[in-house]
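Notes for the one structure printed next.
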Amino acid sequence: MGEEAELLKARSMKFALDVCALIKQLPYEKPGPTVRRQLAKSSTSVAFNYRAACRGRSHAEYTAKIGVVAEESDETLGWLECIEAAKLISQTKLADLLQEAKELCAIFSASYGTARRKEGGNSR
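In short: position in the sequence shown from 1, add 660, done, that's the numbering used here.
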């Protein structure tokens, strides 16, 4: 993969680490533990599944992995929006992460659509 993929790997890893830092600020009473666990799983899954996609042995393998990345980035965005709506963390602490989640979700969803078209499948 090229320079753009390397930058996106670094960007998705930074995002996962930033989300992990935010998780530490979530309350320990309900629903904090559930949100904490789900957000940690989905945000780190974005970074690590993208790494795996970049190492795909075939276009089909890349397409499958980038589909997982698109789903996990959307789930992460959903959890961040849930945190915002429930006012579990102040908006000022969430604003940058929400924006980055939206951007990553758009990038990975577009990548998945492109990959599906290239292999002759229907994009969602």
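The beta-carbon is built from N, C-alpha and C at its ideal position, and this holds for glycine as well.
Listed in chain order, the non-local C-beta contacts of S672 below 7 Å within the same chain comprise V706, A707, Y710 and L764, local neighbours out to five positions each way being set aside. The straight-line gap separating the alpha-carbon atoms of G727 and Y772 is approximately 6 Å.
Around the Cβ of R717, a 10 Å sphere holds fewer than 16 other Cβ atoms; the residue is exposed. Each residue's CA atom was taken as its position, placing K725 and A712 some 7 Å apart. About 6 Å separates the CB atoms of T736 and A761; that is less than 8 Å, so the two are in contact. If only complete runs of 4 or more residues are kept, the stretch 701-780 shows the alpha helix (DSSP H) at 719-746 and 751-778, in order along the chain. K674 sits in a helix when the DSSP states are folded into three classes. Contact between L699 and V729 fails: their C-beta atoms lie close to 16 Å from each other, not under 8 Å.
Using a 10 angstroms sphere on the CB of A681, the tally of other CB atoms stays under 16, which defines it as exposed.
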